[in-house]
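For the sequence shown, my numbering gives the first residue as 9, with consecutive numbering after it. Accompanying notes for the structure given below.
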Amino acid sequence: MAALAEAGFDFDIYTLKPPDDRVVQAQAQKLLPRLIHRPFFLSWEVWRAQFYFLLRRPLRYAGAVLTFFFEVWRKPVSLAKNLALFPKAVCFARIMLQRQTVHMHAFWATFPCGMAWIAHRLTDLPYSLSAHAHDIYEDDSMLVRKLRAATFVMTCTDYNRAHLSQLVPEKSAVIKLIYHGLELNSFYEDAQARTSSSGALHMLSIGTLYKTKGFDTLIAACAALKHQNVAFECKIVGDGPERQHLLELITQHDLQKEVKLLGYLKQEELRPLRLWANVFILLPRPYLHWGIPNVYIEALATKLPVIATPLNAINELIQPEHTGILVDCDDPSAAAAALMRMWREPEHGARMALAGQKLVVQKFDAQRTALQVIDMFAKSVGWEPERAYFESKG
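Below, the structure is given as structure tokens:
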């Protein structure tokens, strides 16, 4: 959104929840004046909007309500949330007409897109949407209907693009792959500062301490390395409900000196750890992992070799033996063998990390992906972005 604003787009941000005063990022602060929020029910403006559309488009209003009932009734929680948001969506639709809005975009395929679909039914305003992970695979309420009504769809992995194209083959031409871009300049600087590794194996792992993240497998792999008298250190960044269990595993395997749980750290605190490490390893299980974890992208951006597991979309980043190594999420022996190989063959790890960094530059740099997003919106609304923005981005 910051890139759209910089490129000269005139847009509003309709928020489901009240804005949080604790915003600290400078880019987010600049977007605050664009926010539009309304209460769920306790507002005359909300109720006036209901009467406005009930009088002018009663069949479409009633039809939208009935569509939610007929398509979402098997998911009562989702149905209740969608119906609770319905009056607010109607109010937003009225505001959009007053502000002469020409296009809507929903940043999730769940409730935000449900609201955009309601506004579309009432006003005929076109909309597009972004589809990511849980909003495709976990809560797919009315997903096919939303996709069919959209002018275009952006999604963040080619795996998602193929899945959505199977759901609505007739819309496959407007379902576009645009990876989530990351601001990678600081990671590139770290890559320049990285020196060739030697001596002990230094492992870094980052993630919330859930069972699905596979930290128990990593600790078991560390135990296998210790039994083989390999000198190593492993630092795990993050916190969560599995912390106590992981501490017990560390004690059980007598790894108190080698494995450290560091808790949550800020991005600037991670920088020296990435320079200290000579391998990044995260072994997540497939459950709740539909995309590409950013920590892999960040590691490769710093030319840090990566060991990962074969998640659905992971081959779009980790190409075995070219940009990293893949092992089974529940195979500590395979993880230990991969770590041993990284330790014994640092040149191979460095080659994979360099290839991975080149891939990250091609696919995941925020400047590139922002230009792709801007181009999609510009073509949709027939608007020419500020030329100066493109010139500044090369």
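All C-beta atoms in this analysis are idealised placements derived from N, C-alpha and C, irrespective of residue type, glycine included. Keep in mind it's a predicted model, so treat the numbers as computed, not measured.
Between leucine 24 and leucine 93, the beta carbon gap of about 7 Å places them in contact (Cβ cut-off 8 Å). In the structure shown, isoleucine 305 falls within a helical segment according to DSSP collapsed to helix, strand and coil. Glutamine 108 is classed as exposed because its beta carbon has fewer than 16 other beta carbons within 10 Å across all chains shown. When DSSP reads this structure, proline 354 sits in no beta bridge, so it has no partner. Residues Leu137, Ala139, Asp143, Ile144, Leu151 and Lys154 of the same chain have their beta carbon placed closer than 7 Å to that of alanine 117, with the five preceding and five following residues left out of the count. In the DSSP assignment, glycine 122 falls within the alpha helix (DSSP H) that extends over 119-131. Closest in alpha carbon position to leucine 212, among Arg282, Asp198 and Leu172, is Arg282. DSSP, reduced to helix, strand and coil, places serine 388 within a helical segment of the structure shown. Glycine 222 is positioned such that its CB atom lies no closer than 8 Å to that of cysteine 99.
Look at leucine 270 here: in three-state DSSP terms it is strand. Between the segment 289-306 and the segment 334-352 there are three or more inter-stretch CB-CB distances shorter than 8 Å, so the stretches are counted as touching.
In this structure, the beta-carbon distance from tyrosine 272 to glycine 246 falls below 8 Å. Look at threonine 163 here: in three-state DSSP terms it is strand. Straight-line measurement puts the Cα of alanine 363 at about 18 Å from the Cα of alanine 285. For tyrosine 167, the closest alpha carbon among the candidates Glu178, Arg156, Gln370 and Ala141 is that of Ala141. Shown here for phenylalanine 115: same chain residues with a beta carbon closer than 7 Å to its own, the five before and five after excluded, namely Ser138 in chain order.
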